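Here's the structure we're looking at; comments come further down.
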Amino acid sequence: MTPPNTYAGRPLTPAPGVEPRELRIVRVRAHARRMFWPAIVLIAVAGAAGYYAGNLPDAIEDWLPVWTQPWIVWAAAAVIVVLFVVVPYWRWMARTYTVTTRRVIAQWGLFGRSRVEVSHARGYTIGERRGPIQRMWGTGTLTLSNGVDAPLRLVDIPSVRLMHEALADQVEVSQILAHRDSHAVPTIPGPPPPLPTNL
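Going left to right, the sequence shown walks through residues 25 to 223 as my numbering numbers them.
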């Protein structure tokens, strides 16, 4: 199937007055480098728990009953893994940024979800901040501010320059469509008026 033809490379747009479909352009999370330390903790705890399950120091062996010694080690390892690996992973997975053809949506929260939306048609400024570590990884923080609501910060976005360009394009297209639709000729429902007969 061939893609539909467009004029001069312009994307197809809906007819004036018709609401365009909302399509998802991208959904991203913060860069995965935040999971580096939880991964190190997981490896260290697995190694330490495997070693100390059968080789507890003498001071601890004398203090605990023999049948509970391996279980205490594995229980402590499980608590450490849950607190320092699983919870940070859930927090990282719970925060998403979605860009559609109509808006930018930021969602976060483990148990109670919060959501902030910024519409492209209202327009907003895009601020980009990249620290030295973010530049090394190609990430950055985008701040979207429409001058009315609190700014929306998209933190540690991968491929931040590409995301910046995509957001700028969506704002431009949305404002062009909104301007075009505001000046569209209204249509009157019903049959067309009759043609003049006295020609």
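Every residue gets a Cβ at the ideal spot worked out from N, C-alpha and C, and that includes glycine.
Given the structure is predicted, the values throughout are model-derived calculations rather than measurements.
Counting the other Cβ atoms within 10 Å of the Cβ of residue 219 gives fewer than 16, which makes it exposed.
Counting other Cβ atoms within 10 Å of its Cβ, residue 181 reaches 16 or more and is therefore classed as buried. Rounded to whole angstroms, the Cβ separation of residue 192 and residue 150 is 6 Å, and the two are in contact under 8 Å.
The beta carbon of residue 170 sits closer than 7 Å to the beta carbons of 142, 146, 147 and 148 from its chain, once the five residues preceding and following it are set aside; these are given in chain order. The shortest C-alpha to C-alpha distance from residue 183 to any of 196, 153 and 194 is the one to 153.
DSSP lists 120 and 139 as the bridge partner or partners of residue 131.
In its chain, beyond the 5 residues on either side, 152, 153, 154, 158, 181 and 184 have a beta carbon closer than 7 Å to the beta carbon of residue 164. Taken in chain order, the complete alpha helix (DSSP H) segments of 4 residues or longer contained in the segment 144–222 are 156–161 and 184–206.
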